Structure formats: structure tokens, C-alpha cells
Amino acid sequence: MINELIIPRPDDMHLHLREGEMLKVVSQHSASQFGRAIIMPNLKNPIINIELAHIYCDEIKKYTKSYQFEPLMAIYFNEGLNLEELKKIKASSKVIGIKLYPKGVTTNSNKGIESFELGYKIFEMMEELDIPLLIHGEVNDISVDIFDREKIFIEKHLTRVHKEFPKLRIVLEHISTKDATEFVKETSNKIAATITPQHLLYNRNELFLGGFRPHAFCLPVLKREEHRVAVLDAAISGNSKFFLGTDSAPHKRSEKESSCGCAGIYSALNAMEIYAEIFDRNDAIEKLMDFSSKFGADFYKLNQSKEKLKLIRSRNKVPTTIKIDDDEIIPLMAGQEIGWNCSEI
Ligand code: NCD
Ligand code: ZN
177 MINELIIPRP DDMHLHLREG EMLKVVSQHS ASQFGRAIIM PNLKNPIINI
227 ELAHIYCDEI KKYTKSYQFE PLMAIYFNEG LNLEELKKIK ASSKVIGIKL
277 YPKGVTTNSN KGIESFELGY KIFEMMEELD IPLLIHGEVN DISVDIFDRE
327 KIFIEKHLTR VHKEFPKLRI VLEHISTKDA TEFVKETSNK IAATITPQHL
377 LYNRNELFLG GFRPHAFCLP VLKREEHRVA VLDAAISGNS KFFLGTDSAP
427 HKRSEKESSC GCAGIYSALN AMEIYAEIFD RNDAIEKLMD FSSKFGADFY
477 KLNQSKEKLK LIRSRNKVPT TIKIDDDEII PLMAGQEIGW NCSEI
């Protein structure tokens, strides 16, 4: 039995850090385990250009300076992106890619794109410059059943974008369906996907366990068991197209437990311990290292970290709440026991 794991410091390839007090608290949770993270740009005023990305990056660094942590910035896809701006993005060592949200599809995405075709000119330049495109892969069409929005997005948009721009590197974020795992496996090595802990742990029953559970609500929404199993199989398969992205997305408790509760699950505090628990429960602990420290770095053409993270098998309990200002966050697996701890080397 493996009781101890020493791995290169992992990368969280999909992370929300927010601003203000929230940023101060949650950035340190991520920095204590991860060496790098791709920082999502969906702030209330989104990060739409390189200047804003650099300012945000410096702010994150200010709060995480006591750790070995490198924020990798993503720019919010918008119609103002022209060749000049894209060249600056390519040249910046702080910016890793561009994140596309279909308009209105999730938290702070109302400045996203209305029609996919409007993006084609920009995709063409990104392909030419080899800038990765990170996609929230759901259609924003409210006439489409919410459980089908990822599948329809792949059929209607992603397949076509990949066909038109075959050399464009695309990351389909936080995949939640069997359809997504199949699409990623079957297409070229220019397509990869991130996987969150919640999509590995739960099916959609979790949302309705004895009553409605707002802290299990995220987008893409949890799906049927067969989809959870497909996503889990992909994560532990050793296929390099699937890698870690927590999509840790903190919201204050009052904003989740409301008549229109926000989508997003907070996992950053115990993220690596929870992934270890999941991989271990599925007899795949030896597959965790590449999933968390190699495959994502390879796809983004980054060197693997030389720093290490140690995980040991020992009892651990996820806190029930995390204090933020005069409110709190309820984390993923709040109050539950897990069998892994991060530890000093
Ligand atoms: C994210 C957030 O809160 O910013 N929410 C979520 O449910 N995952 C946005 C996103 O990644 O969709
Ligand atoms: Zn996200």
C-alpha cells in the first residue's frame, strides 16, 4: 500500500481567485499546495487585456509571496482582441491563454460572446500565434435542457471550431459528461480537458440529497452516474489529455444560500488531499502524479516544477466553514473525513 507520495509541485489549470478579502484568503490556500495555477478572468470587471492581467497578477503575487507560486493569467475572450493585443499576449510570460465564455452561461459571463462565429477571426490569429483557447463548453441557449448543454456545445460548436482551426490548442474546461470524454479522446492532441474534484465525486443526486444542496451547485451542473464514471475513468486512465483543474470557485455562503444561488464550488483549501482521496478510493493513487504535475504542464508547454509536494496517508478532516469578512465559505466535502494530508518535505 502506498502511504506517502512525493510529487513535483502540482498545477491547478483552472482556478477562480476573485478580488479583495476573498482573494487574500483563497490565494494562500492554493499557493500552499500548487506551484502554478491558471487564474480565471471572470471578475465583475473581467480581465479583458494584458494591462489588467498584469495588474491582477501582481496583486495575486503580493498575497502569495511567502509561497513558491506562479499565477498564470488567462484573458477574457472579447471582441476587442486584435492582432496587436494577441502578439502582446503571446510575448507575455505571465499570460498563458484566452478563456472563452458563451454569454450568460455562468458566473460573471455576461460580457462573453453572443455568437461563436464572431470569434472565428480571433481563433484564426490565435492558431497562427499558438495561443491556447480555454473554453467553458456549454451552450447558453435556455431552450436546451441544462443537463445537455455540454453535449450540444460539443456537437454544435467545438467540433466545428476544431475542424476549422485544427492546430489551435483548446482546453475544454471542467468536463462533466461521457460525451466530453469521448470527444477529447477521439480528437487530435490539440484538444485536452480539465477535471474538477466534484465531477469525480458526485452525480446529480448530490444536488437533492434530502433537500436542495446549494453548495453542490456548479456549472457545468453535476450529471448522471454514467457520466461521473466516464469522467473518473478518464482522470485515472493515464491519458495525458486529461489533467487537473479544480475550478475552485468561492462564493460567500449568503450568496449561495439565496433565492438565486451562485454556481461554483470551493475546493482549493484541501484540493490535493481530496484528489488523492479520490484516486486512492479508485485504486489509482499512482496515477495522481502525472494528472496533477505533468500532463497539464506538457499541454501548456511548461517545464515540470522542480519543487516537490508531499502527501501522506493520515486522517484529515475538511473544515465545515472558512471565514471571509463577516461571512463564510462552505468548502467541498465540508466536515468530512479524508485519508490524505499534505505535509512538509
Ligand atoms: C464559476 C465561478 O463561480 O466563477 N462557477 C462554476 O460553477 N464553475 C464559473 C465557471 O467556471 O463556470
Ligand atoms: Zn471555472
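When we follow this note's numbering, the leftmost residue of the sequence shown carries the number 177, and every step to the right adds one.
A virtual CB, placed ideally from N, CA and C, is assigned to each residue, including glycine.
The structure displayed is predicted, hence computed values, not measured ones.
Sub-8 Å separation of residue i and residue j beta-carbons
i: P507; j: R194; result: no
i: F245; j: F210; result: yes
i: L228; j: F299; result: no
i: V360; j: K417; result: yes
i: E331; j: P396; result: no
i: E453; j: I514; result: yes
i: A250; j: L310; result: yes
i: L376; j: L408; result: yes
i: R429; j: E382; result: no
i: I412; j: E180; result: no
i: P186; j: S519; result: no
i: E367; j: L385; result: The question names Glu, but residue 367 in the sequence shown is Ile. Contact flag unset, no.
i: I441; j: H391; result: yes
i: N379; j: E401; result: yes
i: L445; j: F455; result: no
i: L199; j: I236; result: yes
i: L219; j: N284; result: yes
i: I208; j: L191; result: Note that residue 208 is Ser in the sequence shown here, rather than Ile. Going by C-beta atoms, S208 is not nearer than 8 Å to L191.
i: E340; j: Y296; result: yes
i: T357; j: A439; result: no
Beta-bridge partners of residue i, as assigned by DSSP
i: H273; result: For clarity, residue 273 is Gly in the given sequence; the question names His instead. In the DSSP output, where bridge partners are listed per residue, G273 has A250.
i: R389; result: None, per the DSSP bridge assignment.
i: N517; result: I488
i: Y368; result: One detail in the question is off: residue 368 reads as Ala in this sequence, not Tyr. Answer is V347.
i: D187; result: R212
i: D503; result: I500
i: L383; result: Paired residue(s): none; L383 is not in a bridge.
i: L310; result: K275, V347
i: Y442; result: P507
i: F418; result: A369
i: S424; result: L191, I441
i: E402; result: For E402, which the question treats as bridged, DSSP gives no partner whatsoever.
i: K493; result: E513
i: E304; result: Looking at the DSSP assignment, E304 forms no beta bridge with any residue, so it has no partner.
i: I182; result: K486
i: M289; result: The sequence given here places Ile at residue 289; Met does not occur at that position. Beta-bridge pairing links I289 to P278.
Residue from the options with nearest C-alpha to residue i
i: R212; options: D456, L485, I521, Y451; result: L485
i: M216; options: E180, Q244, Y243, T282; result: T282
i: C436; options: G387, N415, F393, A447; result: F393
i: T372; options: S443, R380, E340; result: S443
i: S291; options: E358, I412, H333; result: H333
i: V201; options: E180, I521, G511, I500; result: I500
i: I328; options: G387, D355, F388; result: D355
i: N365; options: P342, N517, G386; result: P342
i: E293; options: S285, P278, N218; result: P278
i: I224; options: P184, Y243, R400, K275; result: K275
i: P184; options: K237, Q480, R491; result: Q480
i: I457; options: G196, W516, I521; result: One detail in the question is off: residue 457 reads as Arg in this sequence, not Ile. If we check each option's Cα against that of R457, W516 comes out closest.
i: M301; options: L259, Q204, C233; result: L259
i: Q204; options: A460, K241, N221; result: K241
i: I307; options: L262, D317, N316, G288; result: L262
i: L248; options: V405, G256, L478; result: L478
i: E493; options: K432, D474, I450; result: Reading off the sequence shown, one finds Lys at residue 493, where the question assumed Glu. K493 has its Cα closest to that of I450, out of K432, D474, I450.
i: E433; options: R389, I521, H312; result: R389
i: I214; options: A510, G196, C233, V405; result: C233
Cβ-Cβ separation, residue j to residue i (assumed contact under 8 Å), whole Å
i: D423; j: H350; result: 5 Å
i: T353; j: F419; result: Between F419 and T353 the Cβ distance is about 17 Å, and since that is not below 8 Å, they are no contact.
i: G421; j: M189; result: 4 Å
i: E555; j: I178; result: Look at the range of the chain in this structure, 177 to 521, and you will see that residue 555 is not part of it.
i: S268; j: I226; result: 6 Å
i: I265; j: Y476; result: Not really, about 14 Å apart at Cβ, beyond 8 Å.
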